[in-house]
Each structure stands twice: as C-alpha cells, then as structure tokens.
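Before any comments, here is the structure.
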Amino acid sequence: MKDQLKEALIEGNAETVNALTQALLASGASAREILEGALLPGMEVVGERMRSGDCFIPEVLLSARTMQGALDLLKPHLAEGDSMSLGTVVIGTVEGDLHDIGKNLVGMMLQGAGFEVVNLGTGVTPAQFVASVTERKAAIIGMSALLTTTLPKMVQTIAALKEAGLREQVKVMIGGAPVTQAYADEIGADGYGANAAAAVDKAKALVRG
Amino acid sequence: MTPATEPGRLAPRLSLLDDNGRAYLHERTLELLAGVGVRFASERARALLRDAGATVDDESALVKLPAEFVERAIATAGRPVLLASRDGAHDALLDGSETYVGHDGMGAMTLDHRTGERRHSTDQDLREAMIVADALDDIGLCWYVATPNDADPAVQSLQGIATMLTASSKHVQGDLSDPRLVPYALEVGAAASPGGVWDPTRPVFSIVYCPVSPLQHDADALDAAMLLAAQGVPIVVYSLALAGATAPVTLAGTIVQTNAEILSGLVALQLAAPGSPFVYVGNSSIMDMRSCTYGACGPEAVLFNLALTELGHSYGFPVLSGGFSSDAKELCMQSGYEGGSMAMVSMIARPELLVGVGMLDSAQFLSLPKMVLDAEVVRQCRRVAHGIDLDDRHVMLDVSARIGPGGHFLGAKETRVFLREGEHELPEVFVRGSYETWRTSGVPEVERAAAIVDEILATHKVAPLPDGGEGRMRAAVQAAAGALSAG
C-alpha cells in the first residue's frame with residue numbers, strides 16, 4: 063500500500079492519497095512510517111523529476127498540495143513531541159515589492175519537502191522578519207525580491223536581525239531574479255537558491271548544519 | 311502590357327486574425343472586464359471610475375468596467391502619438407508609416423564586454439547604452455535598458471530618465487512608479503527640452519506603465535501614470551502576463567487577459583486625462599514550466615506579438631511590440647535565432663515601436679555588443695519589410711537586352727545605382743566571403759561588435775543638453791531624494 067501511496071502522490075492524486083493514508087493509519091501504521099516510507103520518498107521523486115526537467119511546475123505543485131493534505135491527516139496521530147517538520151521557514155517578499163509567484167512556489171516546494179512554512183506575504187518589513195524568529199520559531203528566513211530597488215531591504219533585514227541579537231539563531235536565504243550567489247555572499251546571507259528546487263536543497267543543507 | 315502593382319512595391323504583411331477573430335477577442339475582453347472586473351489599488355482611479363458610473367467595491371478595490379467605458383476610452387485616446395526628441399532631429403511620430411526600434415528593459419545586470427563579468431548595472435552602463443543607441447542610426451528611441459543600482463533606490467528611475475536624456479538625443483522611454491517623483495521628472499524633462507521648458511505637445515520622454523497580472527493596477531504606478539498623462543507624457547501600457555502563471559495557460563486566454571489589462575489601464579488614464587497620448591503593447595509571454603522563469607521568447611511570444619499587434623491596430627492605437635530579445639545567456643545560436651526570428655515576424659506585423667535591442671537572459675542583462683548585432687538584425691528586418699520594388703525600372707529588361715545572353719551585370723551602371731539605393735542589404739557585422747579569408751583575417755562577429763562599441767564610446771559625441779540642463783537635472787534628482795527621504 064505504501065508503494066501505491068507513493069505513486070499516487072507522485073501523480074498528485076489527492077483522493078487516492080487521502081484514502082490510502084487513512085487506510086494505512088487504520089491498519090496500524092504509524093504516522094512516521096507513512097511519512098518516511100511513502101510520502102517523503104514520493105516527494106523525492108517529484109523533486110528529482112523537476113531537477114531533470116521531466117515534469118512541469120504545475121505537476122510539482124499538485125504533488126506538493128496533495129502532500130500537504132496527507133500531512134494534515136497524519137498530524138493528529140503524531141506522538142506528543144514528535145514533529146514531522148524539518149523546521150520552520152518564514153518566507154516573504156521584502157518591503158516595497160509586490161511580486162510573489164516565485165516566493166510562493168518556493169514555499170510550496172519547501173512544504174512538500176517537509177518544512178513548516180510561514181508565508182508572510184508581500185511587502186514584509188525587516189521588523190516583521192525579526193519578530194517571526196521568536197514568534198514563529200523560524201529556523202530559516204527566506205527573503206524574495208524581484209525589483210532591484212528593493213534589494214537593500216535584504217541588507218536591512220540582516221542588520222535588524224543582528225541588532226536584535228538573533229542573527230546566530232536563524233539562517234537567512236535569499237532569492238529572486240536580480241539575486242545572485244555573489245550578492246548573497248556580499249550581504250552575508252547563508253544561502254541562495256537559483257530556482258525552487260535548488261532553494262529546497264539549500265534549506266535542507268542549512269538545517270542539517 | 312500589365313502595369314506593376316500599385317504603388318510599385320510589394321511589401322510583406324502578416325495577418326493572423328481575421329475580422330471574426332478580432333471581434334471575438336474584443337468581445338471576450340469586454341466580458342472579462344465587465345464580469346470578473348479589475349482591481350484598482352489607486353483610490354484616485356477608483357474615484358474617477360465611480361464618478362463615471364462604474365461599479366466599484368472599495369473593500370476589494372474591484373471595479374467592473376462596462377463595455378461603453380472601454381469603447382469611450384478607445385475613442386478619446388490621443389493619436390497620432392509624437393515621441394519627441396530633445397534636438398528635434400530624431401522625432402518618432404507614431405502614425406503607422408514607420409517602425410522605430412528601441413532597447414529592451416530593464417536590466418538589473420550588465421555583462422561587461424571588457425571584463426566578461428556579469429554584475430549589477432550602474433548609471434555608467436545606462437549612459438553607455440544610450441551613447442551607443444545615439445550613434446546607431448537603426449535605433450530610433452531609448453529604453454531604460456539598465457537600472458542604475460548605484461543611485462539612491464528611492465530615485466533610481468528618475469536618475470534613469472535624467473541619464474538617458476543626457477546621454478542620447480533620441481526620445482527616452484522610462485519607468486516612474488512613484489507619484490511623488492512626477493514633478494521632478496517633469497523638471498528633468500524640461501531641462502532637456504528646447505528653451506528649458508516642458509512642452510506637453512513635444513514630450514521628450516514617455517513612461518512604460520505595467521499592470522500587475524492578473525487584472526490588477528498598482529496604486530503608486532498608476533497614480534504616477536495618470537499625473538504624467540495629464541502633462542502630455544505618452545503612457546505605454548505594458549502588461550507582463552505570463553501564460554500559465556499569472557494568466558491562463560492558453561494563448562487565447564492570455565491574449566484576452568492582456569488586452570483587458572491594457573484597456574482597463576487606458577480607461578483610467580483617459581478618465582484622468584482625456585485625449586492623452588497612449589501606446590498599446592502587443593507583447594506577452596509564457597512562464598517556462600520547468601524552471602519557473604519568465605520566457606521572453608519562442609513560438610508563443612511570436613504568436614502573442616502578432617495577435618496583439620493586430621488587435622491594438624484594430625483599435626487605431628500605435629503599438630509597441632517585441633523582438634531581438636532572447637532567453638539565452640550568451641551571444642549564440644539561440645540568441646540569434648530567438649531574437650532575430652521574433653524581430654522579423656514582429657517587423658512584418660508593422661508595429662510603430664519595436665523594442666528588445668541589447669539584452670540577454672530574458673531581458674535581465676545588458677550586452678552592449680548585442681546592441682550592435684541587433685542593429686544588423688534591424689537592417690535585415692527592414693529590408694524584408696521594404697519588400698520588392700516592382701516596376702519596369704526595377705525589372706531592368708532594357709539592361710538585360712543591352713547585356714544579352716552570356717554577359718554579366720557587374721559593369722552595368724544600373725547595378726551600381728541600385729546597390730547605392732539599397733537593393734541589397736550588405737551586412738556590416740555578419741560574416742560573408744570565403745572561408746579562407748575568414749580563416750586568415752576574419753574577426754568573429756561578437757568581437758567585431760565589441761570593437762564597434764569601443765569605438766563609439768571613444769569617439770561619438772552626443773548633442774549637448776540646453777544650457778544649464780545637466781545642473782538642473784542633478785538638482786531635480788537631489789531635491790527628489792531629499793523630499794522622499796524626508797517622508
């Protein structure tokens with residue numbers, strides 16, 4: 063049944079995934095077994111296919127959304143203190159910028175990969191990012207910008223994190239069309255993803271230390 | 311004897327839409343505008359629309375636009391549009407008789423041809439792109455091709471307009487998304503205008519305004535555009551809908567949405583400034599479904615350009631379309647093919663403006679040598695668009711009789727005359743001739759283009775601004791920066 067679940071997730075078939083998840087739970091499988099034995103391996107395949115260009119973004123999103131539905135079913139069955147999450151990533155488009163498609167896509171991919179994602183939306187101020195570190199227990203802050211005029215907000219956010227004494231507690235990732243690895247290095251960000259799949263890989267590497 | 315087809319020239323024309331197709335797309339657009347509506351974040355635009363009788367919901371900022379609003383705006387837009395040059399020698403009158411070519415925009419990066427480094431653009435990069443455009447006869451107007459990242463972010467776009475007007479005498483099409491910058495932009499424009507006075511009938515700069523797809527108008531950017539339109543600044547409404555992401559995945563769906571975004575922008579602009587000059591943009595794109603990036607080129611873009619150019623013309627608007635640009639990351643087969651084929655098709659659809667010169671990587675970085683190579687493409691496109699002159703003089707039967715079977719035409723004086731008239735387009739940068747010559751003394755076209763850029767930058771003199779112009783521009787940009795930082 064786990065193989066069927068994995069395949070249904072890869073296909074993005076929410077109905078089958080939900081039914082199989084419930085059936086597995088009913089048959090006595092633990093939430094963690096289902097997650098690690100079927101769902102995460104399924105998303106690994108989707109991620110791999112995305113990297114190799116064998117599937118389209120809408121298909122990736124469908125699988126990610128389907129994964130989210132299955133996780134919602136598993137959550138009540140988790141043992142206390144057991145978390146399925148790789149950690150919380152707080153994402154947002156920086157202040158002054160309205161563009162959010164790329165950022166939302168990264169958010170869905172991160173969720174699919176097992177992160178808890180808090181999406182602060184667009185026009186997020188440095189103060190809001192800083193507040194999220196304590197309020198949402200963010201392991202990673204992901205900042206996005208499309209406009210070159212808003213890039214300095216990334217610098218200001220990193221400065222604000224330092225000022226609040228929180229810089230060491232959180233990893234900072236940045237992305238968006240005008241952003242480069244060189245820019246990430248220059249402003250002292252911990253990671254940069256050239257695309258959504260690369261951002262997920264980088265986020266995993268950062269939380270694993 | 312059968313006379314040559316009037317007017318003595320056969321020029322290619324491309325038409326994709328028939329009458330039914332145009333009417334169908336227009337009707338579906340009106341249905342979208344009236345049924346789904348458009349979100350106007352600008353309170354001023356909503357007030358204008360409400361006063362005019364539209365259904366406005368302030369909470370959601372959604373406005374449903376009845377068909378008569380759109381038809382009225384189509385009728386009142388000012389035409390023909392004049393894109394004036396500050397020296398009067400490079401005016402672009404958009405009356406349908408010519409296609410003026412401009413840069414692409416707006417590049418956060420520049421690929422520096424001197425170092426090979428791809429880095430964030432500076433004011434100097436923008437300046438150099440203007441000087442090269444000023445020197446190239448095939449470029450008719452200047453676009454905001456590189457963002458001056460070294461300028462104060464709050465006034466970057468204003469600095470861009472000032473730099474462009476300084477470093478080129480051709481018309482400048484910029485970006486201005488903050489209504490607080492409008493008076494300073496008009497001062498910059500005045501400083502570049504003859505006599506140092508802003509003339510609404512001879513605007514030396516125009517503005518590209520972009521709706522936010524799907525079906526939204528930003529408050530600040532539209533407020534700025536409405537204020538500028540009232541001062542005679544032509545507004546180019548450029549929808550950047552991405553098929554499959556911010557627009558329906560189908561070409562037909564994206565064309566209708568793009569048309570709706572442009573026309574709803576036009577409605578607001580015409581209510582704010584009736585009769586103001588407006589340019590329709592016949593260009594749209596897809597999102598690449600593997601990389602999730604903007605795909606500027608390819609067969610879909612070519613079809614978007616054709617359909618939207620024709621749709622814009624059917625309303626009687628001057629149209630800006632796209633070509634030359636490429637998703638390639640370097641000057642290569644892909645950049646040449648994508649940019650060249652799109653430019654050729656667009657040129658034959660005969661838009662009044664055709665932009666896209668000088669950039670790579672989906673309009674993300676500027677390459678000055680590409681400007682020179684694109685100018686070569688412009689010449690080839692123009693030659694095709696000119697077509698075949700068809701009359702007895704061009705058929706040359708008299709010369710054939712004189713030379714007779716077995717002779718040759720190289721020595722005939724008519725051969726020289728027609729070559730001088732441009733019968734053959736002789737490449738200036740692209741390579742012809744024998745392989746051996748190329749092997750021994752040839753220079754690859756990219757290197758040749760880079761050398762031409764260097765020569766232009768070393769020798770070309772741009773016509774100076776009116777007296778005191780540079781000082782006034784500097785003061786305006788400084789004053790704007792001060793005013794904005796003071797809040």
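Residue numbers (our numbering), protein chains in the order written: chain G, 63 to 271; chain W, 311 to 797. Backbone N, C-alpha and C fix where the C-beta goes; we use that ideal spot for every residue, glycine too. Since the structure is predicted, the reported quantities are computational estimates derived from the model, not experimental observations.
Chain-order list of residues whose beta-carbon lies under 7 Å from that of residue i (same chain, five-residue window excluded)
{"i": "W:A461", "result": "D433 and Q469"}
{"i": "W:A371", "result": "R349, F350, A351 and R356"}
{"i": "W:D367", "result": "none"}
{"i": "W:Q788", "result": "none"}
{"i": "W:D699", "result": "G318 and R319"}
{"i": "W:V763", "result": "H423, V442, L678, P679 and V682"}
{"i": "G:L133", "result": "M146"}
{"i": "W:R799", "result": "Past the edges of chain W, shown from 311 to 797, lies residue 799 of chain W, and the structure says nothing about it."}
CB contact flag (residue i, residue j, <9 Å)
{"i": "G:T210", "j": "W:A418", "result": "yes"}
{"i": "G:P188", "j": "G:L208", "result": "no"}
{"i": "G:L148", "j": "G:E121", "result": "no"}
{"i": "W:V514", "j": "W:S656", "result": "no"}
{"i": "W:V577", "j": "W:A722", "result": "no"}
{"i": "W:A530", "j": "W:P463", "result": "The residue asked about is misnamed: residue 530 of chain W is Asp in this sequence, not Ala. Going by C-beta atoms, W:D530 is not nearer than 9 Å to W:P463."}
{"i": "G:Q130", "j": "G:G74", "result": "no"}
{"i": "W:V772", "j": "W:A761", "result": "no"}
{"i": "W:T420", "j": "W:D435", "result": "yes"}
{"i": "W:V391", "j": "W:V589", "result": "yes"}
{"i": "G:M170", "j": "W:R600", "result": "no"}
{"i": "W:A617", "j": "W:L335", "result": "yes"}
{"i": "W:D509", "j": "W:K480", "result": "no"}
{"i": "W:L486", "j": "W:P521", "result": "no"}
{"i": "W:A500", "j": "W:M536", "result": "no"}
{"i": "W:G450", "j": "W:Y494", "result": "no"}
{"i": "W:R784", "j": "W:A472", "result": "yes"}
Partners in chain G for residue i, counting only beta-carbon separations shorter than 8 Å
{"i": "W:T457", "result": "T210 and T211"}
Beta-carbon proximity list for residue i, same chain, < 6 Å, skipping 5 on both sides
{"i": "W:T619", "result": "G592, V629, S631, A659 and P661"}
{"i": "W:G649", "result": "F634, S635 and S636"}
{"i": "W:M440", "result": "C452, M474, A477 and S478"}
{"i": "W:M311", "result": "Summary for W:M311: the model assigns pLDDT 48, below 50, so the residue's position carries little reliability; its value from the coordinates is reported in the next sentence. Here the set comprises nothing."}
{"i": "G:K64", "result": "G99 and A100"}
{"i": "G:L135", "result": "T83"}
{"i": "W:R512", "result": "A394"}
{"i": "W:Y548", "result": "V518, C520 and V591"}
Contacts that residue i makes with chain G (C-beta to C-beta distance below 7 Å)
{"i": "W:A602", "result": "Inspection of the sequence shows that residue 602 of chain W is occupied by Cys rather than by Ala. Within chain G, the residues near W:C602 are I119, G164, L167, N257 and A258."}
Chain W residues whose Cβ lies nearer than 9 Å to that of residue i
{"i": "G:A239", "result": "A418, T603, Y604, S672 and Q674"}
Cβ of residue i within 9 Å of any chain G Cβ
{"i": "W:S467", "result": "yes"}
{"i": "W:T556", "result": "yes"}
{"i": "W:Q788", "result": "no"}
{"i": "W:L794", "result": "no"}
{"i": "W:V597", "result": "Checking the sequence, you will find Met at residue 597 of chain W rather than Val. Yes, W:M597 lies at the interface with chain G (some Cβ there is under 9 Å from its Cβ)."}
{"i": "W:L552", "result": "yes"}
{"i": "W:A791", "result": "no"}
Closer than 9 Å to chain W by CB, residue i
{"i": "G:P214", "result": "yes"}
{"i": "G:M112", "result": "yes"}
{"i": "G:E254", "result": "Here the sequence assigns Tyr to residue 254 of chain G, which means Glu is not the residue at that position. No, its Cβ sits nowhere closer than 9 Å to a Cβ of chain W."}
Per-residue contacts from residue i into chain W (C-beta, under 7 Å)
{"i": "G:G115", "result": "R600"}
Residues of its chain near residue i, where Cβ-Cβ distance is below 8 Å and the 5 sequence neighbours each way are ignored
{"i": "W:R332", "result": "E620, L621 and S624"}
{"i": "G:I220", "result": "R229, V234, I249, G250 and A251"}
Exercise for review: Check distances from the C-beta atoms of the region 431-463 of chain W to those of chain G and list, in chain order, the residues that come in under 9 Å.
Suggested key: S431, T457, N459 and P463
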